[in-house]
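These notes are about the structure you will find just below.
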Amino acid sequence: MTRWALRLSLIVVLVGVGWSLGKAQSSEPDFEIRVAASVGETIIECVQGCTLVWSERGINPNSIPQRQFKYGCGGGGATPRSTCPSGRIAGWVER
Numbered sequence: 017m018t019r020w021a022l023r024l025s026l027i028v029v030l031v032g033v034g035w036s037l038g039k040a041q042s043s044e045p046d047f048e049i050r051v052a053a054s055v056g057e058t059i060i061e062c063v064q065g066c067t068l069v070w071s072e073r074g075i076n077p078n079s080i081p082q083r084q085f086k087y088g089c090g091g092g093g094a095t096p097r098s099t100c101p102s103g104r105i106a107g108w109v110e111r
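Residue numbering for the sequence shown follows our numbering, beginning at 17 and increasing consecutively.
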């Protein structure tokens, strides 16, 4: 019984250490930009040394950071002078 409890404790500790090491390696964005665009398409581009993803509702772990991001809006009553709600874009500096 003591041996079983010791093994279980060791397993729990090793799983905890592995989880914490894996969590420590996840990358948080280095910056975030807010864009308020007029009706139509706006291109947000990282000129050098960074990548971008859409992050309005949080960062999707399956999204692939890219150098250029297109943001567009429109709708039924939109006119060229209308503005769209802002969008949030997260970015990482390439090291």
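Ideal placement from N, C-alpha and C gives every residue a C-beta, glycine not left out.
Query: Residue 75 - DSSP class collapsed to helix/strand/coil; Result: coil
Query: Per DSSP, cross-strand counterpart(s) of residue 84; Result: 61
Query: Where residue 111 falls: helix, strand or coil (DSSP); Result: coil
Query: Run of the beta strand (DSSP E) containing residue 69, from where it starts to where it stops; Result: 66–70
Query: C-alpha gap between residue 29 and residue 17, whole angstroms; Result: 18 Å
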